[in-house]
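Here the sequence shown stands for residues 104 to 347, where the numbers follow our numbering.
Every residue, glycine too, gets a C-beta built ideally from N, C-alpha and C.
All of these numbers come straight from a predicted model, not from anything done at the bench.
Read through the structure below, which is laid out as structure tokens, and then see the notes.
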Amino acid sequence: MRFIIAFLLSFLLLGQQVTYADICPTKGCVEKYLLSLSWQSAFCETHPNKIECMAQTENGYDASNFTLHGLWPDKLAYCGVSRDDINNDKTGNWAALPVVEVDAETSSELIEVMPGVVSNLERHEWVKHGTCDGRNADEYYDIAVDLLKEVNASDVRDLFAQNIGETISLSEVKTAFDRTFGQGASSSLSLKCNPDSKLATEIRLKIKRPQPGQKLADVLIPSGALSCDKVLIDAVGIGSLSQS
């Protein structure tokens, strides 16, 4: 479906000579984004009452893969969003936000790679960030999922999965990233952790505005964001490492 949509969009753009300004928010589409990918077990340490955290298992996708947090256009939020939806989003009343309109394939993928859908994370991310992307929700999430899949097929994911319960360094993460995506690619990466426990919580990637079908290596740009020097890779289970 995503490839059909991309083809039709390209056809319309060529046939009707539509410019980027025609499909961008009023403030215009930004050229830089941040792709935020979570290590779910660490997220759950500080959000144990979340439905997705209570349901997490050792054999689940989110036990050994990065999960989708969000794809964020730089310095834009809540584009064309009603005041009621903004208030509901900011107060955490995400169930009251509009249902995100994606096709069955995208919905199925999000259920796997974005565990927070059971808490309406996809509604929050769309209202706050996706509305500023300039594309419909289905295409926006297709692009984000494709980029996530590349990371989960990389040496970085393997490094995390093979070192659950162990400490790894930023240098190791960057080396693994460069092995997969090319020398110097890791300049786009920042490694986030809990300041107290040093559990790795996320990797964030600075990228150019991604287009359908573009490879991650082709959109990476230097970040300059601060990173944790050493992180502990959490296992499934609240307090699992402290109990081992």
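Under 8 Å, do residue i and residue j count as touching if we go by C-beta distance?
| i | j | result |
| --- | --- | --- |
| Glu155 | Val216 | no |
| Glu275 | Leu294 | no |
| Cys127 | Ala180 | no |
| Glu161 | Val339 | yes |
| Ser201 | Asp187 | Here residue 201 is Pro; the residue named in the question, Ser, does not match the sequence. No, they are not a contact pair. |
| Lys178 | Val133 | yes |
| Lys309 | Pro325 | yes |
| Leu251 | Leu171 | yes |
| Ser141 | Glu305 | yes |
On the three-state DSSP scale, how would you describe residue i?
| i | result |
| --- | --- |
| Tyr181 | coil |
| Leu171 | strand |
| Lys333 | strand |
| Thr129 | coil |
| Leu250 | helix |
| Glu161 | coil |
Taking the DSSP output, what are the residues bridged to residue i?
| i | result |
| --- | --- |
| Arg307 | Ser139, Ser293 |
| Ser257 | Partner(s): none; Ser257 has no beta bridge. |
| Pro151 | Looking at the DSSP assignment, Pro151 forms no beta bridge with any residue, so it has no partner. |
| Leu323 | Ile310 |
| Leu200 | Note: Leu200 sits in no beta bridge, so no partner. |
| Leu302 | Leu335 |
| Pro315 | Per DSSP, none; premise fails for Pro315. |
Span of the alpha helix (DSSP H) holding residue i?
| i | result |
| --- | --- |
| Thr209 | 207-216 |
| Ile189 | 186-193 |
| Ser67 | Residue 67 is absent from the structure shown; the chain starts at 104 and stops at 347. |
| Trp229 | 224-231 |
| Cys156 | 154-157 |
Please classify residue i as buried or exposed, where buried requires at least 16 other C-beta atoms within 10 Å of its C-beta.
| i | result |
| --- | --- |
| Pro151 | exposed |
| Leu137 | buried |
| Asp125 | Low confidence applies here, because Asp125 scores a pLDDT of 40, under 50, leaving its location unreliable; read the following figure in that light. Answer is exposed; the Cβ neighbour count stays below 16. |
| Leu319 | buried |
| Gln143 | buried |
At a Cβ threshold of 8 Å, is residue i touching chain B?
| i | result |
| --- | --- |
| Asn196 | The structure shown contains no chain B; it holds only a single protein chain. |
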